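Enquirer:
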Amino acid sequence: MMKQCEKYNKIERDTDYQDEMEILFDAKSENENFARVVAAAFCTRCNPTMEEISDIKTAVSEAVTNCIVHGYAGTTGKVHMHCFLEEHILTIEIKDYGVGIDNVERAMQPMYTSKPELERSGMGFSFMEAFMDELQVISKKNIGTTVIMKKRFCAE
Amino acid sequence: MSTENNNENYSNHYTEREQTKTEDMTHTDYIYMVSATTLIISMNAELDHHLADEMREVIDEVIDHRGVKNIIFDFGRIGFMDSAGIGLILGRYKKIRDIGTIYIASANQSIQRILLISGLHKIVTMCEDVTDAVRMMKGRR
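From first to last, the protein sequence lines are chains Z and A.
Heads up: the first sequence begins at 306 in our numbering, then just goes up one per residue.
Heads up: the second sequence begins at 5 in our numbering, then just goes up one per residue.
#1: Mark I448(Z) as exposed unless 16 or more other C-beta atoms lie within 10 angstroms of its C-beta, in which case mark it buried.
#2: Name the DSSP bridge partner or partners of F389(Z)?
#3: Can you confirm whether the region 401–415 of chain Z touches the region 337–344 of chain Z when touching is taken to mean that 3 or more C-beta pairs between the two stretches lie within less than 8 Å?
#4: Roughly how many angstroms lie between the CA atoms of D33(A) and G95(A), to the nearest whole one?
#5: Comparing C-alpha positions only, which one of R144(A), K142(A), V134(A), I118(A) sits nearest to D78(A)?
#6: Need the endpoints of the alpha helix (DSSP H) that G429(Z) sits in, please.
#7: Does any residue of chain Z bring its CB to less than 8 Å from the CB of L120(A)?
#8: So which residues of chain B does T451(Z) contact, with C-beta pairs closer than 8 Å?
#9: With a threshold of 6 Å on Cβ separation, who are the neighbours of T130(A) within its own chain once the five nearest residues in sequence on each side are excluded?
#10: Distance, Cα to Cα, N11(A) vs T451(Z)?
#11: Going straight from the alpha carbon of K383(Z) to that of I443(Z), what length do you get?
#12: Would R425(Z) be called buried (16 or more neighbouring beta carbons within 10 Å of its own) or exposed?
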């Protein structure tokens, strides 16, 4: 039985496994929970550990919160989430069409926040960096911001 | 699943009106209780920007009007928190740091990790559960 399982796993991993999904939702704080649950559900096919699931949930939550709080700053808009799975690497792209970031480097510094009055801790990008394997932020003023994150699953 | 069953058994002993009340409790995102100068907050929904925004004003009003000195955050029912939770706890810490302490009860591993990375574990007191927090508070007095 064990051997059969091992063999099965090996075949699964050898084939170029690919899968992707996309969702578009309103920039409302209620949807933060929705987005992270969807992302977590999508990656369950990789047999992630509890820790990996919570890493992904945190990172998605931070990115979506940024879109709502900073990108659209209280105005309405749409957030676009694209998850792509290849072999054991999950890529999550979260995009808004809001105000954009003036200085990406400064925004990514730990504890930096442009909105201290809202009690933002300034830890958003730091958490994304800490919990994911790769983080890339692309932003253009008045066009929007895209956050691309990658997570490598430890295949057992 | 088991909590639901417990609540059902529990509410069977009560009148119908009280039964709806008990059921409503399970649907609220958080419950708070003030006992003397201690505020205990139990979250029922994941502590993100959405819930933090909802809780902030309520907590601050309670702190200001009821002379709260110590705050216990009970994470027993939830398994997730992000940086918005850090902001919420830090903000309350700034309000009461001269007169009291913040206790974090029943935080699971992923919440503990968030507290550790953000450095918040240095300014709050971690406890196993609410009872433990109350015991520590009494010892401190």
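All residues carry an ideal CB built from backbone N, CA and C; glycine is no exception.
All figures in this text were calculated on a predicted structure; none of them were measured in a lab.
Expert: So, to answer that:
#1: exposed
#2: E325(Z), T396(Z)
#3: no
#4: 20 Å
#5: Closest in alpha carbon position to D78(A), among R144(A), K142(A), V134(A), I118(A), is V134(A).
#6: 429–436
#7: no
#8: Looking at the structure shown, chain B is missing, and the protein chains on hand are Z and A.
#9: Checking the displayed sequence, the identity of residue 130(A) turns out to be Met instead of Thr. I108, listed in sequence order.
#10: Because the pLDDT at N11(A) is just 46, under 50, the model does not fix this residue reliably, and the point stays unresolved.
#11: Spanning the two alpha carbons is a distance of roughly 17 Å.
#12: buried
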